[in-house]
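> At the far end of the sequence shown sits residue 264, using the numbering used here, and the numbering has no gaps.
Glycine included, C-beta positions come from ideal geometry on N, C-alpha and C.
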Amino acid sequence: MSSAVHNAGMRPGTIVLLHSPLTTADAWGELPGRLRTHGLAVLVPRITDDESPPYAARYVARAALEINAAAPATPLLLVAHSGAGPLLPAIGAAQRAAHRLVGGYVFLDAGLPQGGSPNRLDRLEAEMPEALPPLRELFAAGGVYPDWDPPAGLEGTLRPRGEAFFTEALPTAPDWPDAPGGYLRTSDAYDAAARQAELRGWPVLRRDLGHFPGHEHPAETTSALLDLIDRI
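(1) Pull the bridge partners of Gly-214 from the DSSP assignment, please.
(2) For Arg-239, does the three-state DSSP call read helix, strand or coil?
(3) Quick check: what's the CA-CA separation for Thr-199 versus Leu-153?
(4) Which residue wins for smallest C-alpha separation from Leu-258, given the options Val-176, Leu-237 and Arg-132?
(5) Just to confirm before moving on: does the CB-CB distance between Val-92 and Val-48 stay below 8 Å?
(6) Does the separation of the CB atoms of Gly-115 and Gly-246 fall below 8 Å?
(7) For Ser-52, I'd like the list of residues in its chain whose CB is within less than 6 Å of its CB, leaving aside the five on either flank, ordered along the chain.
(8) Name the residue from Arg-263, Leu-109, Ser-84 and Ile-123 whose alpha carbon lies nearest to the alpha carbon of Leu-97.
(9) Going by DSSP in three states, Ala-201 sits in which element: helix, strand or coil?
(10) Looking at the structure shown, is Arg-193 part of a helix, part of a strand, or coil, going by DSSP?
(11) Out of Tyr-177, Thr-55 and Pro-107, point me to the one whose CA is closest to Ala-130's CA.
(12) With a cut-off of 8 Å on the beta carbons, I'd call Leu-54 and Leu-144 a contact; round off their distance for me.
(13) My understanding is that Leu-120 touches Thr-253, with C-beta atoms under 8 Å, so please give their C-beta distance in whole angstroms.
(14) Which one of Asp-81, Arg-90 and Leu-109 has the shortest CA to CA distance from Leu-260?
(15) Can you look up Thr-254 in the DSSP assignment and give me helix, strand or coil?
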């Protein structure tokens, strides 16, 4: 384990890596193994049964079941990638209900939770408005998203969704955050989310490592994540 994590900042009992609902857990690449070489306990839930509505509730429920089954050491550090970000408050609430301490939240190139009950298209309009018109056209034609090929080595990791997934109301987060947070921005698509995290007073690290950094740059991503944990 990094001496920085031992001596300062948050000291997670277990790091829980939560993959985007639009990918499989394999999109984390080498990151879980790299973190374990630093003496960290790492849990990687694999959510595969959220293909029908209510999508968000199914994801949260399966994540909670897998975490509970693993009986991880606490405090938990919940780390969300991409589309898993807005679900972190609900996942954290499920852990509190199970009397399991959540010590912190990390958003890795991920969307932040918002007030009210926005859906994913609402969030996209706020965070990446230029991406909304082509996405609406795609859905109007009956398409699914993502509709692009993943980076080499990540074939088969995408889980494209139709319009119903993106227009479903996301879980509310009235009592969140209940623990410190941090943001690791690895692609410029999430610049707005990183700025929002700064406005919350959270530590924010910016690294140009791509949207799948655990696969494309595992060593640098591990180093950045350890640095961020030290600041939380």
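This is what the structure holds:
(1) To locate residue 214, count along the sequence shown from 1; it is residue 182. Gly-214 pairs with Val-138.
(2) As a first step, residue 239 must be located in the sequence shown, where it is residue number 207. Looking at Arg-239 - three-state DSSP - the assignment turns out to be coil, as it is neither helix nor strand.
(3) Numbered from its first residue, the sequence shown carries residue 199 at position 167. Numbered from its first residue, the sequence shown carries residue 153 at position 121. C-alpha separation (whole angstroms): 6 Å.
(4) As a working note, residue 258 is residue 226 in the sequence shown. Looking at Val-176, Leu-237 and Arg-132, the one whose alpha-carbon comes closest to that of Leu-258 is Leu-237.
(5) Residue 92 sits at position 60 when you count from the first residue of the sequence shown. Residue 48 sits at position 16 when you count from the first residue of the sequence shown. No, Cβ-Cβ distance for Val-92 and Val-48 is not below 8 Å.
(6) By 1-based counting over the sequence shown, the position of residue 115 is 83. By 1-based counting over the sequence shown, the position of residue 246 is 214. Between Gly-115 and Gly-246, the gap from beta carbon to beta carbon reaches 8 Å or more.
(7) Within the sequence shown, residue 52 is the residue found at index 20, counting from 1. Counting only residues of its own chain and dropping the five nearest sequence neighbours on each side, Ser-52 has a CB closer than 6 Å to the CB of His-113, Ser-114, Gly-115 and Ala-116.
(8) Translated into the one-based positions of the sequence shown, residue 97 becomes position 65. Scanning Arg-263, Leu-109, Ser-84 and Ile-123 for the CA closest to the CA of Leu-97 turns up Ile-123.
(9) For this step, residue 201 is matched to residue 169 along the sequence shown. DSSP places Ala-201 in strand when its eight states are reduced to three.
(10) Counting from one through the sequence shown, the residue named residue 193 turns up at place 161. Residue state, collapsed to three classes: strand.
(11) What you label residue 130 is simply residue 98 of the sequence shown in a count that begins at 1. Closest by C-alpha distance to Ala-130, out of Tyr-177, Thr-55 and Pro-107, is Pro-107.
(12) Mapped onto the sequence shown, residue 54 falls at position 22. Mapped onto the sequence shown, residue 144 falls at position 112. The beta carbons of Leu-54 and Leu-144 sit about 17 Å from each other, so the pair does not count as a contact at 8 Å.
(13) Residue numbering aside, residue 120 sits at position 88 when the sequence shown is read from its first letter. Residue numbering aside, residue 253 sits at position 221 when the sequence shown is read from its first letter. With a Cβ gap of about 19 Å, Leu-120 and Thr-253 do not count as contacting.
(14) Within the sequence shown, residue 260 is the residue found at index 228, counting from 1. The shortest Cα separation from Leu-260 among Asp-81, Arg-90 and Leu-109 belongs to Leu-109.
(15) Along the sequence shown, read from residue 1 onward, the residue named residue 254 stands at position 222. DSSP places Thr-254 in helix when its eight states are reduced to three.
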